[in-house]
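Q: For the protein sequence lines, the chains are A and B, in the order given.
For reference, each letter of the first sequence is one residue, going 808 to 1103 in the numbering used here.
For reference, each letter of the second sequence is one residue, going 542 to 904 in the numbering used here.
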Amino acid sequence: MSTMTDNFVPRRKKRITGRSIAILAFLAMCAAFFCIPLYVVIVTSFKTMDQIRLGEIFSLPVTWTLEPWREAWSEACSGIKCEGVSAGFFASLKILFPSLILSLSVSSVTGYALALWNVRWAGTFMFILFMCAFVPFQIIMIPMIILTGKIGVYGTIWGVAVVHAVLALPILTLIFRNFYKDIPGEIMQAAIMDSGSFWRIYREIILPMSANIFIVVLILQITSIWNDFLIGITFGGLNNKPMTVILANTVISATGESSYNVDMAAALLTAIPPLLIYFVLGKFFVQGITAGAIKG
Amino acid sequence: MPTIAFEHIYKDYGSLRVLADLNLSVDDGEFLVLLGPSGCGKTTLLNMLAGLQDVTAGTIRIGEEDITELDPKDRGLAMVFQSYALYPTKSVRGNLKFGLAAQKLDRAEIDRRVQWAAELLQITPLMDRKPAHLSGGQRQRVAIGRALVKNVDVFLFDEPLSNLDAKLRTEMRLEIKTLHEQTKSTIVYVTHDQIEAMTMATRIAVMDGGVIQQFGTPDEVYETPANLFVAGFIGAPAMNILDATITSSGPQASATLSDGTKIDLSHYEFTANPNEGQAVKVGLRPEHFDTSGKGGVVSLTLPVASRERTGSDATIFLKFGDDLIAVRAEPAEARDVMVGDNFAVSFPAGKLNLFDAQTGQRM
Ligand SMILES: Nc1ncnc2c1ncn2[C@@H]1O[C@H](COP(=O)(O)OP(=O)(O)OP(=O)(O)O)[C@@H](O)[C@H]1O
Ligand SMILES: [Mg+2]
C-alpha cells in the first residue's frame, strides 16, 4: 500500500532572475528618494541647535531631545502669534469634520440617485460634473471669494469647510455613482417593489453596502483637506488658518537664526494625521478600491 | 378576485420594438407560464406588469383597475428574480422583513408572517444567516419567502430555477407547484425551459419575437401546436417536420412527401381547406411512431443513421433524404438496431400535424 507521501517530490523554488533584480534596484532607488529626506527630517527634529550648527545633517542626534517637538506644538511663532502649530491643528479639525460630513453625504446620495434611479438629464448632468471635476481651483478662486463674502462665510471656519466640500462634490459624486452602478439591477428592482422609498432603500440597502467606497473616499478627502494650503489661506482669513498655513508661517517667519529642529518637528506634526489615517485604514483602502459592492 | 389583462401592449426600447399589440388575459388562480426563446420579450412583459419598466402604449389591468401607471409597490404583486436579488447585507430574517417595507403593519403581524413563510419553506434554521452563506437552493427559498410574506394574490417569477442544478430544479419545481395549490394565488412564471412549462402551467403562452404564438393548456400546446414555431419549440426531441405537397383535397385528402410516399389525410381535421398542389409541412412527433411498422397513415422504411439512449427512452434517427427523422423507441429495441439497417415505422392517424408551408399556420 502506498501512503500519501510516497510520490512527494517537491518542486524547486523559482530562482531570482535578472529581471527581478532590475525591478528591485529600481524600487530601492525610489525608496531612497523618499527615505533619505524623511530620515533627515526625523533626526533633525530630535537634535539640539548646537549640534545642527555643526552642519552634519546625516548624523544621529548626540543627545536626543523632545524640546523641539514641544516648542513646535505650543510655542513656535507664526507671524506675531507664538502658539505653535497646535492652534492650526484644531482649526484643521474644525474644517475637516463639517466638510467631510457635507461632501460625503451629498455626493453619496447624488451618486445613488444618478446610478440607480431614473433621473432626467442624468447623462448631461454627469458630463457637467465630469467637466467641473477638472476645472482648476485657481480659475474660480476669486469669484468664490466674492460669493462666500456675499453669503457671509468668508473668513470663517465654515467658509473653508464649505469651499472644500463644494469643490470635492463633482469628483466624489462620480466616484459614488460608478460604485453604485455595479449594484445588480435586480436587487434595486426588488427593493423598489418591496419598499419603493428613495430614502429607505438608501438607508437600509445601499448604505450598508457602501462601507468600502466610503473608506476610500474618506481617505482621499481627509488627505486632500488636511494637506490643502491654498483654500485655507484664501478663505480662512486671519484667525482661522489651518495647520499647513501655520506651518508655512512658522518656517518662513523666524527672525534671526532658523530653528531647524523646531521647523522639522512642526512639519512632522502636520504630516502625522494623514499618515495615521493611512496606517489605520490603509488595508481597507486597497480592499475598497478593488472590491465591488457585492462580495462574491 | 382579480384577473390580469394586457391590452394592446407595445414596448419600444429606443427604436427597437420588442412587443407589438400584445393581448393576454390571465384568470384568477391560474399558473401562467410565459415560454419562449431567449430575447423574445418575456422579462420585458413581466417587468411591465410589475411596474419596473414603462409601457410604451397599451393598458394593463388587474381586476377592473388600470395599473399601467401605478407605482410598483402599490400594485399588490410579489416577484421572485432569476438572480434571487437578496439584500446582501441583511440576514434572511431582514430580507423577509424588508419584503413588507411598503406595507404598514405592526410588529407582531410582521413577525407572524415571517415565521409563517419560514416554516412553509423550511428555512427557520437559516434565519440569522447572510445570503452569502447560503446555498443556491436555500437562496431561492429565501427569495420565494420574501415574496410570500407580502400575502398578495399575484406572484411573478422570472426564470427562478435557471441557476440551480438539475436535481434541485426538479425539487423546487414541485415545491412551487405545491405552493401554488396551497395559496391558490395567481402566478405568472417566465421560463425558456419547456419542461418547467409543461409540468407546472395551467396555461402556457408561447412567445417568439415579441408575439404570443399560442396560448393554451400544456396539452393543447403540445398536441395541437398553432404554428410551425410552437411545433418545433415544444417537445424534446423536437417534432419531425417534413415537406409535402397536397395531392388531393376534399374528403379523400392526401399528400405526398418529397420522396413520393403517400400520406392519407382522410381522417385529418382540417382547420383550413387545402388546395391541390399546395406546399405543406407535416409534423410527426417522435413518440407517436409505431415501430412495428404496420398500419397508420404513413409508412416509411428507412436506413438507420444513429441511435441515442436518453435514460428511460431511446431515440433512433432514420435517414430521410438529407434530413433525419427521430423515432422514440424502447431501449431494448434500439439496442438491437444496427446503423445502416432498414427500419420500418408507421404513423397513426389522428396524431399528425399539418402546417401551411407559406404562413406556417396550422391547417
Ligand atoms: N434596457 C434595454 N434596452 C434595450 N433593449 C433591451 C433592453 N432590455 C431588453 N432589451 C431587448 O429586448 C428584447 C427582449 O428582452 P427580454 O429581456 O424581455 O428577453 P427575455 O425573453 O426575457 O430573454 P431571456 O430569456 O434571455 O431572459 C431583447 O432583444 C433585448 O435585447
Ligand atoms: Mg429574461
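C-beta atoms are modelled at their ideal positions from N, C-alpha and C, and glycine is treated no differently.
With a threshold of 7 Å (Cβ to nearest heavy atom), would B/Gln574 be considered close to ligand 2?
A: Residue 574 of chain B sits at position 33 when you count from the first residue of the second sequence. The question names Gln, yet the displayed sequence has Val at residue 574 of chain B. Every heavy atom of ligand 2 is 7 Å or more from the Cβ of B/Val574, so no.
Q: How close, in whole Å, do the beta carbons of A/Thr1030 and A/Pro991 come, if the pair is a contact with beta carbons under 8 Å?
A: By 1-based counting over the first sequence, the position of residue 1030 of chain A is 223. By 1-based counting over the first sequence, the position of residue 991 of chain A is 184. Between A/Pro991 and A/Thr1030 the Cβ distance is about 32 Å, and since that is not below 8 Å, they are no contact.
Q: Pull up the CB-CB distance for B/Val868 and B/Phe830, whole angstroms please, since I reckon it's below 8 Å.
A: The residue labelled residue 868 of chain B in the question sits at position 327 within the second sequence. The residue labelled residue 830 of chain B in the question sits at position 289 within the second sequence. Their Cβ separation, rounded to whole angstroms, is 5 Å, which keeps B/Val868 and B/Phe830 in contact under 8 Å.
Q: Are at least three pairs of beta-carbons, each pair with one atom in the stretch 559-572 of chain B and one in the stretch 607-618 of chain B, less than 8 Å apart?
A: Judged by Cβ distances under 8 Å, the stretch 559-572 of chain B makes no contact with the stretch 607-618 of chain B, as fewer than three pairs qualify.
Q: Check for me: the beta strand (DSSP E) holding B/Val574 runs from which residue to which?
A: Your numbering for residue 574 of chain B matches position 33 in the second sequence. Its beta strand (DSSP E) spans residues 572-576.
Q: Following a CB-centred definition, is B/Leu557 positioned closer than 7 Å to any heavy atom of ligand 1?
A: Taking the first residue of the second sequence as 1, we reach residue 557 of chain B at position 16. Yes.
Q: Three or more beta-carbon pairs under 8 Å between the stretch 847-867 of chain A and the stretch 1062-1076 of chain A, yes or no?
A: Contact between the stretch 847-867 of chain A and the stretch 1062-1076 of chain A is present, because at least three Cβ pairs lie under 8 Å.
Q: Does DSSP put A/Leu1083 in a helix, a strand or coil?
A: For this step, residue 1083 of chain A is matched to residue 276 along the first sequence. Helix, per DSSP.
Q: Quick one, which residues of the stretch 998-1020 of chain A are near chain B if we go by CB-CB under 7 Å, in chain order?
A: So the close ones are Ile999, Met1000, Asp1001, Ser1002, Gly1003, Arg1007, Glu1011, Ile1012, Pro1015, Met1016.
Q: Would you mind sorting A/Gly825 into buried or exposed? The rule is 16 or more other CB atoms within 10 Å of its CB.
A: On the first sequence, residue 825 of chain A is found 18 positions in, with the first residue counted as 1. So A/Gly825 counts as exposed.
Q: Looking at B/Asp699: is its Cβ nearer than 8 Å to the Cβ of B/Gln755?
A: Start at 1 with the first residue of the second sequence, and residue 699 of chain B comes out as number 158. Start at 1 with the first residue of the second sequence, and residue 755 of chain B comes out as number 214. It is not a contact, given that the beta carbons lie outside the stated cut-off.
Q: Could you give the residue range of the beta strand (DSSP E) that holds A/Arg1104?
A: Since the first residue shown for chain A is 808 and the last is 1103, residue 1104 of chain A is missing from the structure and cannot be characterised.
Q: Exposed or buried, which one is B/Gly776 when buried takes at least 16 other CB atoms within 10 Å?
A: Taking the second sequence and counting its residues from 1, the one referred to as residue 776 of chain B is at position 235. Its Cβ being crowded by 16 or more others within 10 Å, B/Gly776 is buried.
Q: Give me the Cα-Cα distance between A/Lys888 and A/Ala894, rounded to the nearest whole angstrom.
A: Counting from 1 along the first sequence, the entry for residue 888 of chain A is found at position 81. Counting from 1 along the first sequence, the entry for residue 894 of chain A is found at position 87. Each residue's alpha carbon lies about 10 Å from the other.
Q: If we count the other Cβ atoms within 10 Å of its Cβ and call it buried at 16 or more, is B/Lys708 buried or exposed?
A: What you label residue 708 of chain B is simply residue 167 of the second sequence in a count that begins at 1. Per the 10 Å Cβ criterion, exposed.
Q: What is the rounded straight-line gap between the Cα of B/Ser703 and the Cα of B/Gly677?
A: Taking the second sequence and counting its residues from 1, one reaches residue 703 of chain B at position 162. Taking the second sequence and counting its residues from 1, one reaches residue 677 of chain B at position 136. In a straight line, the C-alpha of B/Ser703 is about 11 Å away from that of B/Gly677.
Q: Within this structure, are the beta carbons of B/Asn781 and B/Pro815 separated by less than 8 Å?
A: By 1-based counting over the second sequence, the position of residue 781 of chain B is 240. By 1-based counting over the second sequence, the position of residue 815 of chain B is 274. Contact: no.
Q: Identify, in the order they occur along the chain, each residue of the same chain with its Cβ nearer than 7 Å to the Cβ of A/Ile1008, setting aside the five sequence neighbours on each side.
A: What you label residue 1008 of chain A is simply residue 201 of the first sequence in a count that begins at 1. Once the five neighbours on either side are set aside, the close Cβ partners of A/Ile1008 are Ala998, Ser1002.
Q: Can you give, in chain order, each stretch of the beta strand (DSSP E) that sits fully within the stretch 864-889 of chain B and has at least 3 residues?
A: Runs found: 864-870, 883-888.
Q: Between the alpha carbons of B/Glu906 and B/Arg744, how many angstroms are there, rounded?
A: In this structure chain B extends from 542 to 904, so residue 906 of chain B is not present and cannot be described.
Q: What's the gap between the Cα of A/Phe841 and the Cα of A/Phe1092?
A: Here the question's residue 841 of chain A lines up with position 34 in the first sequence. Here the question's residue 1092 of chain A lines up with position 285 in the first sequence. Going from the Cα of A/Phe841 to the Cα of A/Phe1092 covers about 22 Å.
Q: How about A/Gln1094: is its C-beta nearer than 8 Å to some C-beta of chain B?
A: Reading the first sequence from its first residue, position 287 is the one you call residue 1094 of chain A. No, no contact with chain B.
Q: Buried or exposed for B/Tyr554, please, with buried defined as at least 16 other CB atoms from any protein chain shown within 10 angstroms of its CB.
A: Along the second sequence, read from residue 1 onward, the residue named residue 554 of chain B stands at position 13. B/Tyr554 comes out exposed.
Q: CB of B/Gly582 to nearest heavy atom of ligand 1: below 7 Å?
A: Locating residue 582 of chain B in the second sequence gives position 41, where the first residue counts as 1. Yes, the Cβ of B/Gly582 comes within 7 Å of a heavy atom of ligand 1.
Q: CB B/Arg634 to CB B/Ala546, shorter than 8 Å?
A: Taking the second sequence and counting its residues from 1, one reaches residue 634 of chain B at position 93. Taking the second sequence and counting its residues from 1, one reaches residue 546 of chain B at position 5. Not closer than 8 Å, so no.
Q: Among the residues of its own chain, which have a CB less than 7 Å from the CB of A/Ile913, if the five just before and after it don't count?
A: By 1-based counting over the first sequence, the position of residue 913 of chain A is 106. The amino acid occupying residue 913 of chain A in the given sequence is Val; Ile does not appear at that position. Contacts found: Leu976.
Q: Using the C-alpha atoms, what's the distance from A/Val926 back to A/Val1052?
A: Counted from its first residue, the first sequence places residue 1052 of chain A at position 245. Counted from its first residue, the first sequence places residue 926 of chain A at position 119. The straight-line gap from Cα to Cα measures roughly 42 Å.
Q: Does B/His808 pass the burial test, meaning 16 or more other C-beta atoms within 10 Å, or should it be called exposed?
A: Translated into the one-based positions of the second sequence, residue 808 of chain B becomes position 267. Exposed is the call here.
Q: According to the Cβ coordinates, are A/Ile902 and A/Ala835 closer than 8 Å?
A: The residue labelled residue 902 of chain A in the question sits at position 95 within the first sequence. The residue labelled residue 835 of chain A in the question sits at position 28 within the first sequence. In this structure, A/Ala835 does not lie closer than 8 Å to A/Ile902 by Cβ.
Q: My output table needs one value for A/Gly1103: the three-state DSSP class, helix, strand or coil.
A: As a working mapping, residue 1103 of chain A is identified with position 296 in the first sequence. In this prediction, A/Gly1103 has a pLDDT of 39, which is less than 50 and means its spatial position is unreliable; nothing more can be read from the coordinates.
Q: Cβ-heavy atom distance between B/Glu650 and ligand 2 below 7 Å?
A: What you label residue 650 of chain B is simply residue 109 of the second sequence in a count that begins at 1. No, the beta carbon of B/Glu650 sits no closer than 7 Å to any heavy atom of ligand 2.
Q: Drop a sphere of 10 angstroms on the beta-carbon of A/Gly1089, count the other beta-carbons inside from all chains shown, and report buried for 16 or more, exposed for fewer.
A: Within the first sequence, residue 1089 of chain A is the residue found at index 282, counting from 1. When all chains shown are included, A/Gly1089 counts as exposed.
Q: Determine the chain A residues that contact B/Ser624 at a beta-carbon separation under 7 Å, and present them in chain order.
A: As a first step, residue 624 of chain B must be located in the second sequence, where it is residue number 83. Pro991, Glu993, listed in chain order.
Q: Helix, strand or coil: which one does DSSP assign to B/Gly824?
A: Indexing the second sequence from 1 puts residue 824 of chain B at position 283. Strand at B/Gly824.
Q: Alpha carbon to alpha carbon, how far is B/Ser726 from B/Ala742?
A: Translated into positions along the second sequence, residue 726 of chain B becomes position 185. Translated into positions along the second sequence, residue 742 of chain B becomes position 201. The straight-line gap from Cα to Cα measures roughly 13 Å.
Q: Looking at chain A, is there any beta carbon in it that lies within less than 8 Å of the beta carbon of B/Ala643?
A: The residue you call residue 643 of chain B lines up with position 102 of the second sequence. Yes, contact with chain A.
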